[in-house]
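Residue numbers (my numbering): 19 to 98. What follows is a single structure, written as structure tokens, with notes after it.
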């Protein structure tokens, strides 16, 4: 039963790695879709600037994370 909760124990199934990469790509999409809401909101300019920068950074890091998971999938999914 405790084995079900150990998600990072290798080898990780390729389907799990694909799902994690997809989730990170979806996070990037949501961050990019939130940009117009922040930009056209009624907050101050500095808040809009900081929030836009944070959303772009989150999107960029999420895309890099998804790319790295897909790139290292053979290494992560094989037995030690």
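Glycine is no exception: its CB is placed at the ideal position from the N, C-alpha and C atoms. Remember, it's a predicted structure, so these values are computed and weren't measured experimentally.
- Here the C-alpha atom of residue 29 lies approximately 22 Å from the C-alpha atom of residue 82.
- Scanning the region 22-76 for uninterrupted alpha helix (DSSP H) segments of 4 residues or longer gives 32-57, listed from N- to C-terminal end.
- The continuous alpha helix (DSSP H) containing residue 91 extends over residues 91-95.
- Within 10 angstroms of the beta-carbon of residue 84 lie 16 or more other beta-carbons, which makes it buried.
- Look at the beta carbons and you see the region 71-80 touching the region 36-51: at least three pairs across the two are nearer than 8 Å.
- Leaving aside the five residues that flank residue 38 on each side, the residues in its chain whose CB is nearer than 6 Å to its CB run, in chain order, 87.
- In the same chain as residue 70, and ignoring 5 residues on each side of it, the C-beta atoms closer than 7 Å to its own belong to 53, 56, 57, in chain order.
- Taking the Cα of residue 76 as reference, the smallest distance to any Cα among 67, 48, 32, 91 is reached at 48.
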